[in-house]
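So for the sequence shown, the working numbering puts the first residue at 1462; every next one is plus one.
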Amino acid sequence: MRNSERIPEILSSLERIWKDNPDFRLGQLLMVAIRPKNPCPEVFYKEDDEILKGLIEFEKKMKSHKK
């Protein structure tokens, strides 16, 4: 299992950088930070509301598997 101690630092950094650059979409910000060798337009151009919807659906699925 990965160390969960890494999460607050990553989220804090993401929040700080995103607030300084609010015109970026989340996927766009991540792609600029990661700089993958192969472009990933599906992530880069994904709107934040679509990402949020996917996160909520993922959370529901994970909760149902834990029951």
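Each residue gets a CB set at the ideal place from its N, CA and C atoms; glycine is no exception. A quick note: this is a predicted structure, and the numbers were derived from the prediction, not measured.
Would you kindly check if the distance between the Cβ of K1514 and the Cβ of G1488 is under 7 Å?
-> To locate residue 1488, count along the sequence shown from 1; it is residue 27. To locate residue 1514, count along the sequence shown from 1; it is residue 53. No, they are not a contact pair.
Give me the Cα-Cα distance between F1519 and I1495, rounded to the nearest whole angstrom.
-> Within the sequence shown, numbered from 1, the residue matching residue 1519 stands at position 58. Within the sequence shown, numbered from 1, the residue matching residue 1495 stands at position 34. So the two alpha carbons sit approximately 23 Å from each other.
Could you give the distance in angstroms between the alpha-carbon of D1484 and the alpha-carbon of E1503?
-> Locating residue 1484 in the sequence shown gives position 23, counting from the first residue. Locating residue 1503 in the sequence shown gives position 42, counting from the first residue. Each residue's Cα considered, the two are about 18 Å apart.
Can you have a look at M1462 and say buried or exposed, based on whether 16 or more other CB atoms are within 10 angstroms of its CB?
-> Looking up residue 1462 in the sequence shown gives position 1. By the 10 Å Cβ count, M1462 comes out exposed.
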